[in-house]
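Quick notes on the structure that follows.
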Amino acid sequence: MATGRLTSFPKMKIQLKGRRFETIEEIQAESQMVLDRLTKNDFQGCFQAWQRRWDRCVHSQGNYFEGDG
1 MATGRLTSFP KMKIQLKGRR FETIEEIQAE SQMVLDRLTK NDFQGCFQAW
51 QRRWDRCVHS QGNYFEGDG
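Residue numbering for the sequence shown follows full-length UniProt numbering, beginning at 1 and increasing consecutively.
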């Protein structure tokens, strides 16, 4: 299960992709702005997707599979 998706990193990655930063502080400030714009629905969607992946894993009895389909 990809728990990194739980915190909306794909959304952050899309918004910061291709940007260049001069300092670590600049990266932190821009990243914080993206995080601040996330809504309650963004977080709920992440948890719901995580729950679906978790359920799928449990129902497969631990068998290996790929993809989110």
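No residue lacks a Cβ here, since even glycine has one placed at the ideal position from N, Cα and C.
(request) Report yes if the C-beta distance between E30 and F21 is below 8 Å; otherwise report no. (result) Counting from one through the sequence shown, the residue named residue 30 turns up at place 30. Counting from one through the sequence shown, the residue named residue 21 turns up at place 21. Closer than 8 Å, so yes.
(message) Could you give the first and the last residue of the continuous alpha helix (DSSP H) run that contains N63?
(response) The residue labelled residue 63 in the question sits at position 63 within the sequence shown. Here N63 belongs to no alpha helix (DSSP H), and DSSP marks it neither H nor E.
(message) Rounding to the nearest angstrom, what Cα-Cα distance links L35 and M12 in this structure?
(response) Reading the sequence shown from its first residue, position 35 is the one you call residue 35. Reading the sequence shown from its first residue, position 12 is the one you call residue 12. Rounded to whole angstroms, L35 to M12 spans 7 Å at the Cα level.
(request) Please classify R52: does DSSP put it in a helix, a strand, or coil? (result) Numbered from 1 along the sequence shown, position 52 holds the residue referred to as residue 52. R52 carries a helical assignment under DSSP once its states are collapsed to helix, strand and coil.
(request) Could you please give the first and the last residue of the uninterrupted alpha helix (DSSP H) stretch that includes E25? (result) Sequence index remark: in the sequence shown, residue 25 carries index 25 (1-based). Its alpha helix (DSSP H) spans residues I24 to D36.
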